[in-house]
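Below: one structure, written as structure tokens.
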Amino acid sequence: MTSAERPTAYHQRLPYGERVSPAPLLGGPFFAFDGDVQVVPLAEPVLPEPPRAGEEGGAPCIACTGPGSAVIWRDDHWQLKAGIEPSGLPIVALLEPREHYRLDNLSPELLAGLGPMIQRVAGAIRRIDGVGRTHFSRFGDGSEHFHVWFFARPVGMMQLRGPLLSVWGDILPHVPDEEFRANARTVATALAEVSGQPLGVAAG
Numbered sequence: 001m002t003s004a005e006r007p008t009a010y011h012q013r014l015p016y017g018e019r020v021s022p023a024p025l026l027g028g029p030f031f032a033f034d035g036d037v038q039v040v041p042l043a044e045p046v047l048p049e050p051p052r053a054g055e056e057g058g059a060p061c062i063a064c065t066g067p068g069s070a071v072i073w074r075d076d077h078w079q080l081k082a083g084i085e086p087s088g089l090p091i092v093a094l095l096e097p098r099e100h101y102r103l104d105n106l107s108p109e110l111l112a113g114l115g116p117m118i119q120r121v122a123g124a125i126r127r128i129d130g131v132g133r134t135h136f137s138r139f140g141d142g143s144e145h146f147h148v149w150f151f152a153r154p155v156g157m158m159q160l161r162g163p164l165l166s167v168w169g170d171i172l173p174h175v176p177d178e179e180f181r182a183n184a185r186t187v188a189t190a191l192a193e194v195s196g197q198p199l200g201v202a203a204g
């Protein structure tokens with residue numbers, strides 16, 4: 001892609017093919033790495049962007065067609081998944097509407113319920129013994145189906161605070177299966193106090 005084909009002034013000033021310096025992050029209180037850290041070379045923009053799962057021309061929507069074994073709780077409107085991949089955090093969970101929606105076309109009813117659901121899930125995760133905080137983030141680049149991620153930060157683990165908590169979840173020793181199942185039951189049971197029911201590994 002030539003400089004003339006890069007769509008905005010922002011794109012045109014970036015150093016494609018080069019490694020930018022990681023110096024602004026090194027030594028920061030929440031940075032998970034030390035030593036000789038290299039940033040991968042910056043890739044050119046991909047235009048048009050490839051379709052996400054669930055979009056026309058993309059892979060089928062995983063939330064709508066994939067196995068429901070990761071669902072640990074569900075009510076009439078929402079479902080919570082956990083255990084999609086092993087993690088070094090007490091729990092990593094994914095909240096999504098049961099029907100296929102994007103963020104921009106969520107129904108008024110779901111929009112009105114989103115804030116309370118985030119509050120409920122965050123509170124339910126805090127019920128896990130040894131959890132200090134619940135972080136949540138919205139990433140929408142893999143699937144069109146709207147979803148919000150939740151990450152449990154262990155109490156006292158101040159080094160894990162901030163945006164790299166999910167990275168710590170990838171690199172810390174994975175939580176044993178039995179402990180994960182107990183944590184999933186704790187979260188699902190707490191949510192079921194208001195609505196819905198525990199499912200999958202959380203139902204036992």
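According to my numbering, the residues represented by the sequence shown are 1 to 204, in order.
Every residue, glycine too, gets a C-beta built ideally from N, C-alpha and C.
All figures in this text were calculated on a predicted structure; none of them were measured in a lab.
query: Rounded C-alpha distance that separates ILE84 from VAL71; result: 9 Å
query: Three-way DSSP call (helix, strand, coil) for GLN159 in this model; result: helix
query: Distance between PHE150 and MET158 (C-alpha atoms, nearest Å); result: 18 Å
query: Helix, strand or coil at GLN38 [DSSP, three-state]; result: coil
query: Option in TYR10, ASP129, HIS145 and LEU114 with minimal Cα separation from ARG136; result: Note that residue 136 is Phe in the sequence shown, not Arg. Residue LEU114 is the option with its Cα nearest to PHE136.
query: Candidates PRO60, VAL37 and GLU5, of which the one nearest ARG19 by Cα; result: VAL37
query: Assigned exposure category for LEU103 - 16 Cβ within 10 Å defines buried; result: exposed
query: Short CB-CB distance (under 8 Å) between PRO176 and chain B; result: Absent here is chain B; the protein component of the structure consists of one chain.
query: Proximity of VAL187 and ILE128 at Cβ, strictly below 8 Å; result: yes
query: C-alpha gap between ALA202 and ALA182, whole angstroms; result: 7 Å
query: LEU95 beta carbon less than 8 Å from that of VAL148; result: yes
query: Cα-Cα separation between GLY123 and ALA63, rounded to whole angstroms; result: 24 Å
query: Cut-off 7 Å between Cβ atoms - residues of its own chain near PRO86, not counting five sequence neighbours on either side; result: HIS174
query: Contact set for GLY142: own chain, Cβ-Cβ below 8 Å, skip 5 residues either direction; result: ARG52 and ALA53
query: Residue burial classification, VAL131 (beta-carbon count within 10 angstroms, cutoff 16); result: buried
query: Integer-rounded CB distance, given that TYR101 should sit under 8 Å from PHE146; result: 5 Å
query: Local conformation of PRO86 per DSSP, three classes; result: coil
query: Given 8 Å, three or more beta-carbon pairs between the stretch 192 to 201 and the stretch 72 to 82; result: yes
query: Length of the line joining the Cα atoms of ASP133 and ARG126; result: Sequence check: residue 133 is Arg here, not Asp. C-alpha separation (whole angstroms): 7 Å.
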